[in-house]
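Q: Could you have a look at this structure, given as structure tokens, before my questions?
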Amino acid sequence: MAEVITNVDVRRVGEAAEKILNNIGKVIVGKRDVIRLVLVALLSEGHLFIEDVPGIGKTMLAKATASSLGAAFKRVQFTPDLLPSDVTGIYYFNQKTSEFEYRPGPIMANIVLADEINRATPRTQSCLLEAMQERQVTVDIKTIPLPRPFLVIATQNPIELEGTFPLPEAQLDRFLLKLKLGYPTEDEEGMILQRFQEENPLDNLKAVVEAAELLELQKLCRKVHVSESVRSYIVNITQATRSHAGVKLGASPRASLSLYLATQSLAAIEGRHYVIPDDVKALATPVLTHRLIVKAETGLRGQTTESIVADVLSHVPVPVEEKS
Amino acid sequence: MKHWRQVVLYLTTAGIEACWLYALLAIINDRGAGGQLSVPGLLLLYPTAFFLNVLSLWLGWHALLRNIIHATVGAVALLLTIKFQLFSSLPMSDPAWLRALPQALGGIFYSFSPELWILAASGLVWWLGRRLAQTCVTFTIAVAEFQFGLFFLLILFFFVATFEVKLSNAVPLALVFFLFSLVGISIAHAEEGENWLSRLSQGYWLPLLFVTIGVILVLGLLIGSLLTPDFIQTIANAIVWVWNFLWDLFIRLMLFIARFFPEPEPFEMPDTSPPQPQDELGGFKIEELFPEWLRGAIRLGWSVLMISILVFALWRMFSQIFAWMRRRFGGRAEAEYESMPGAFKADFLGFLKRLFYRILGLKLVRWQKKVEAPEISSIRQIYRQLLSWAATQGYPRLAFQTPYEYLYRLEAALPESREPLEFITQSYVSARYGRYAPSEVELDQLKESWHQVKQNRLAPPPGESAK
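For the record, the sequence lines run as chains W and A. Counting the first sequence from 1 gives a position; our numbering is that position plus 210. Counting the second sequence from 1 gives a position; our numbering is that position plus 869.
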């Protein structure tokens, strides 16, 4: 039987999450729900895919997250001429030592920001596959493990399509969550102007949780109890996406696993030692939408992956008592 | 819940079970053991198992240790039972009864011997005593015990009447059964705050309890004096006369119709009987194929199968009747009813499952971990009642709604009960998904909250109010 998280540990996760949330909140105005999802990804050791228009704060969010963790942070600006070796690093011949030496690429960091990931060629995009799934890179014939925790935050602009390469399904499936920041409200926008008037708050942001502690918190989250009924509910949802009339390719078993892990993390953040169906519902959209491929006719009817997930959620029965 | 009321509830539940157990054991004694068994002696195992389990729970022993001690004490108790039932003439110090024991126990595979009946009856009584200790007696449990006991007693009385079994004290037994049942249900109902005992006269609870008992006894005596054997015989004769009259009419009608058909030509049937196997096999008998112990086991298995089919058929029949009654009366807002699974199915299937695992020794530890705490069952039961109550008022929970989503709907319809509704939902969610077993105080608070919610009526759904 799986080990169960204690109340003390749940409190510990909740307090750490609150600290990170407040720290990121010093830079990002509002958007607490989105920051909470970032925390879910952090605690699940999953990767984030942020799709939104320019100037919303995608890069700022990634940087603030890295700064809050006291973790090594690297940014890669993806362009059409970027090569895989620019990301993974290379072996070069050192004339002084007369040996081949490895020069690490920007992937050798705890948090990697892959900015505008869809601007790189599929070849370069694919160099992230091994890193994201197996937490290692293979350069020439040598396999090098990546530092832990390892988190890729990729951004994409949905408006500009010229000179871009859509991400392959295998790549998308490796992202735990897909987020949209959205425009700030009127008050929030005013507060942004006020906050950034004199200096960038990101410059003074201090780490509140160390990377090593994050690894411990991740392990604690895996002990959150998921009842059999909730587990079945998760499976039923992903299976329902496969049989949905408007879907060409449904969610994979990896999607089920991602949803399972993400709900555990969310429950711990909320201060619970068990997962409830509300957690599943809250995370179904960010976990599943980027993994579905809709039929052409479905798209023409104006249906999106979001509406399909909403449709699935409104049809799959929640495990609750039947009336007596 | 006050401690002494819980004690009374346990006593009444034990009384209900003891009544039908007594009838069952008396029948077994008469038909299976030839009157060799002492029914009160066998019933002594019931309180022994109960108090042993209560003690082990109170001392907070680990489940494994508890099981080992139960198995050990159970085996010793069984041994002593067999000694006093079958070898009562021999003194305890005489080892002769111990030497005779293996032979006596070995005979259970060959026939329905008294030893077999003692084993089966002791096991059942011991299990029931232990089960009672692990049960939190609520209104639902009390009603379920009553329903099951009544159903079972009826079957037993039918058996007694059909096979002319000696059961001299059937009427007092039935009266005692009803007495325990009604008192138990009244107390349990009073605890959940729904009857005259709690609402009108909470301060005079004990006197009213005695009044209730008195009323039941007086009613029982009245009915007993009215329903004399002569009176019952007269009614029975009338029924038989009506039946014979109708049967006679039916036969006459059949004969009348038969006159219109031509009579068949008589012809001789060819001899199609198979050749006698004894002749071909040289006097070989089929019985010689199987040893006696195997035939005994097959007979036992066959009997169990037949009894199972009979019980299943009865259960299906009664579940259909109950389903019809639920459809008929379920629509009434004030109606409270217990589903068939609550009354019989869960207990019966649970017993079979446990028996199966015990016999095969499979997955016992895993199954025990899956057993739900009685407090969790109580919470789930209360939540089911809430769902039924809200559904009858036009607020059914939709299949895709989570408990919290449903809570928002209910709160909108019943803003004055916001807090109790939240408390019930929160308790249910932590029990259902988090396996959290609440304390007795929390369980009482939950019942109180449910009681508060029930006092009000939900606002009509938006669609209905527009009409």
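Heads up, the beta-carbon is just placed ideally off N, CA and C, and yes, glycines get one too.
Since residue 834 (chain A) is in the alpha helix (DSSP H), which residue starts that stretch and which ends it?
A: The shown model of chain A, from 870 to 1336, leaves out residue 834 (chain A), and the question about it has no answer.
Q: When you compare each of W:304, W:380 and W:314 to residue 335 (chain W) by their alpha carbons, which one comes out closest?
A: Along the first sequence, read from residue 1 onward, the residue named residue 335 (chain W) stands at position 125. For the residues W:304, W:380 and W:314, the minimum Cα distance to residue 335 (chain W) belongs to W:380.
Q: List the residues of chain W that residue 1270 (chain A) touches, going by C-beta distances under 8 Å, in chain order.
A: Working through the second sequence from its first residue, we reach residue 1270 (chain A) at position 401. In chain order: 528 and 530.
Q: What would DSSP say about residue 296 (chain W), mapped onto helix, strand or coil?
A: Numbered from its first residue, the first sequence carries residue 296 (chain W) at position 86. In this structure, residue 296 (chain W) counts as helix in the three-state DSSP scheme.
Q: Between the segment 999-1011 of chain A and the segment 1171-1188 of chain A, do three or more beta carbon pairs fall short of 8 Å?
A: Output reads no: the segment 1171-1188 of chain A does not touch the segment 999-1011 of chain A.
Q: Nearest-angstrom Cα distance between residue 1220 (chain A) and residue 1107 (chain A)?
A: In the second sequence, residue 1220 (chain A) corresponds to position 351, counting from 1. In the second sequence, residue 1107 (chain A) corresponds to position 238, counting from 1. If I take the Cα positions, the gap works out to 43 Å.
Q: Residue 971 (chain A) and residue 902 (chain A) - do their beta-carbons sit closer together than 7 Å?
A: Here residue 902 (chain A) corresponds to residue number 33 of the second sequence, with the count starting at 1. Here residue 971 (chain A) corresponds to residue number 102 of the second sequence, with the count starting at 1. No, they are not a contact pair.
Q: Going by beta carbon distance, what residues of the same chain come within less than 7 Å of residue 1238 (chain A), once the five residues before and after it are set aside?
A: As a working mapping, residue 1238 (chain A) is identified with position 369 in the second sequence. For residue 1238 (chain A), the predicted model reports a pLDDT of 49, less than 50, meaning its position is unreliable; a value from the coordinates is still stated below. Contacts found: none.
Q: I'd like the span of the alpha helix (DSSP H) that includes residue 941 (chain A), first residue to last.
A: Here residue 941 (chain A) is taken as the residue at index 72 of the second sequence, counted from 1. Its alpha helix (DSSP H) spans residues 932-955.
Q: Cα separation between residue 955 (chain A) and residue 986 (chain A)?
A: Numbered from 1 along the second sequence, position 86 holds the residue referred to as residue 955 (chain A). Numbered from 1 along the second sequence, position 117 holds the residue referred to as residue 986 (chain A). Going from the Cα of residue 955 (chain A) to the Cα of residue 986 (chain A) covers about 12 Å.
Q: Helix, strand or coil: which one does DSSP assign to residue 312 (chain W)?
A: As a working mapping, residue 312 (chain W) is identified with position 102 in the first sequence. It is a strand residue.
Q: Can you give me the start and stop residues for the alpha helix (DSSP H) that residue 1117 (chain A) sits inside?
A: One-based indexing of the second sequence puts residue 1117 (chain A) at position 248. Its alpha helix (DSSP H) spans residues 1098-1127.
Q: Rounded to whole angstroms, what's the CA-CA distance from residue 466 (chain W) to residue 391 (chain W)? Just pull it up for me.
A: Walking along the first sequence from the start, residue 466 (chain W) turns up at place 256. Walking along the first sequence from the start, residue 391 (chain W) turns up at place 181. Cα-Cα distance, rounded: 24 Å.
Q: What's the C-alpha gap between residue 963 (chain A) and residue 951 (chain A)?
A: Against the second sequence, residue 963 (chain A) aligns to sequence position 94. Against the second sequence, residue 951 (chain A) aligns to sequence position 82. Rounded to whole angstroms, residue 963 (chain A) to residue 951 (chain A) spans 15 Å at the Cα level.
Q: Mind checking who residue 1324 (chain A) pairs with in its DSSP beta bridge?
A: Here the question's residue 1324 (chain A) lines up with position 455 in the second sequence. BP columns for residue 1324 (chain A) are empty, so no partner.
Q: Tell me the DSSP secondary structure of residue 379 (chain W) in three-state form.
A: Position 169 of the first sequence, counted from the first residue, corresponds to residue 379 (chain W). Looking at residue 379 (chain W) - three-state DSSP - the assignment turns out to be helix.
Q: What separation, rounded to the nearest whole angstrom, lies between the Cα atoms of residue 1167 (chain A) and residue 1002 (chain A)?
A: Translated into positions along the second sequence, residue 1167 (chain A) becomes position 298. Translated into positions along the second sequence, residue 1002 (chain A) becomes position 133. The straight-line gap from Cα to Cα measures roughly 36 Å.
Q: Can you look up residue 1318 (chain A) in the DSSP assignment and give me helix, strand or coil?
A: By one-based count along the second sequence, residue 1318 (chain A) stands at place 449. Residue 1318 (chain A): helix per DSSP, three-state reduction.
Q: I need the boundaries of the alpha helix (DSSP H) containing residue 276 (chain W), first residue and last residue.
A: Locating residue 276 (chain W) in the first sequence gives position 66, where the first residue counts as 1. From DSSP, the alpha helix (DSSP H) with residue 276 (chain W) extends over 268-279.
Q: Determine the DSSP secondary structure at residue 1058 (chain A), reduced to helix, strand or coil.
A: As a position in the second sequence, residue 1058 (chain A) is number 189, starting the count at 1. If DSSP states are grouped into helix, strand and coil, residue 1058 (chain A) belongs with the helices.
Q: Please name the residue, chosen from W:315, W:321, W:357 and W:320, that lies closest to residue 337 (chain W) on a Cα-to-Cα basis.
A: Within the first sequence, numbered from 1, the residue matching residue 337 (chain W) stands at position 127. Comparing Cα-Cα distances from residue 337 (chain W) to each of W:315, W:321, W:357 and W:320, the minimum goes to W:315.
Q: I want to see whether chain W comes within less than 7 Å of residue 1065 (chain A), judged by CB atoms only; does it?
A: Here residue 1065 (chain A) is taken as the residue at index 196 of the second sequence, counted from 1. Only weak support exists for where residue 1065 (chain A) lies, its pLDDT of 48 falling under 50; the value from the coordinates is given anyway. Chain W contact via Cβ: absent.
Q: Compare the C-beta of residue 1298 (chain A) with all C-beta atoms of chain W and state if any pair is closer than 7 Å.
A: Working through the second sequence from its first residue, we reach residue 1298 (chain A) at position 429. Closer than 7 Å: yes.
Q: I need the boundaries of the alpha helix (DSSP H) containing residue 225 (chain W), first residue and last residue.
A: Looking up residue 225 (chain W) in the first sequence gives position 15. Counting along the chain, the alpha helix (DSSP H) containing residue 225 (chain W) begins and ends at 217-235.
Q: Spell out whether any CB of chain W is found under 7 Å from the CB atom of residue 1303 (chain A).
A: Here residue 1303 (chain A) corresponds to residue number 434 of the second sequence, with the count starting at 1. Closer than 7 Å to some Cβ of chain W, the Cβ of residue 1303 (chain A) qualifies, so yes.
Q: Compare the C-alpha of residue 292 (chain W) against each of W:324, W:274 and W:525 and name the closest.
A: The residue given as residue 292 (chain W) occupies position 82 in the first sequence. It is W:324.
Q: Output, in sequence order along the chain, the residues in the segment 1247-1262 of chain A whose CB is closer than 7 Å to any CB in chain W.
A: Correct list: 1249, 1252, 1253, 1254, 1256, 1257 and 1260.
Q: Give the DSSP-derived three-state secondary structure of residue 434 (chain W) in the structure shown.
A: Taking the first residue of the first sequence as 1, we reach residue 434 (chain W) at position 224. In the structure shown, residue 434 (chain W) sits in coil (DSSP, three-state: anything other than H, G, I, E or B).
Q: Using DSSP bridges, identify the partner residues of residue 503 (chain W).
A: The residue given as residue 503 (chain W) occupies position 293 in the first sequence. According to DSSP, which records beta bridges pairwise, residue 503 (chain W) is partnered with W:459.
Q: Between A:1326, A:1253 and A:1243, which lies nearest to residue 1284 (chain A) when the distance is taken from Cα to Cα?
A: Residue mapping note: residue 1284 (chain A) aligns to position 415 of the second sequence, counting from 1. Among A:1326, A:1253 and A:1243, the Cα nearest to that of residue 1284 (chain A) belongs to A:1326.
Q: What span of residues does the alpha helix (DSSP H) with residue 345 (chain W) cover, start to end?
A: By 1-based counting over the first sequence, the position of residue 345 (chain W) is 135. From DSSP, residue 345 (chain W) is part of no alpha helix (DSSP H); its letter is neither H nor E.
Q: Given that residue 484 (chain W) touches chain A, what residues does it touch there, using C-beta distances under 7 Å?
A: Here the question's residue 484 (chain W) lines up with position 274 in the first sequence. Within chain A, the residues near residue 484 (chain W) are 1302 and 1303.
Q: Counting beta carbon pairs with one atom in the segment 918-926 of chain A and one in the segment 1038-1046 of chain A, are three or more of them shorter than 8 Å?
A: No, they do not touch.
Q: Let me see if you follow: with CB-CB separation under 7 Å, is residue 1273 (chain A) close to chain W or not?
A: Sequence index remark: in the second sequence, residue 1273 (chain A) carries index 404 (1-based). For residue 1273 (chain A), the answer is yes, since a Cβ of chain W falls inside 7 Å of its Cβ.
Q: Hey, would you say residue 1282 (chain A) sits closer than 7 Å to residue 1328 (chain A), going by beta carbons?
A: Taking the second sequence and counting its residues from 1, the one referred to as residue 1282 (chain A) is at position 413. Taking the second sequence and counting its residues from 1, the one referred to as residue 1328 (chain A) is at position 459. Taking 7 Å as the Cβ cut-off, residue 1282 (chain A) and residue 1328 (chain A) qualify as a contacting pair.
Q: Given a cut-off of 7 Å, decide if residue 456 (chain W) and residue 518 (chain W) are closer than it, judged by their beta-carbon atoms.
A: Translated into the one-based positions of the first sequence, residue 518 (chain W) becomes position 308. Translated into the one-based positions of the first sequence, residue 456 (chain W) becomes position 246. In this structure, residue 456 (chain W) lies closer than 7 Å to residue 518 (chain W) by Cβ.
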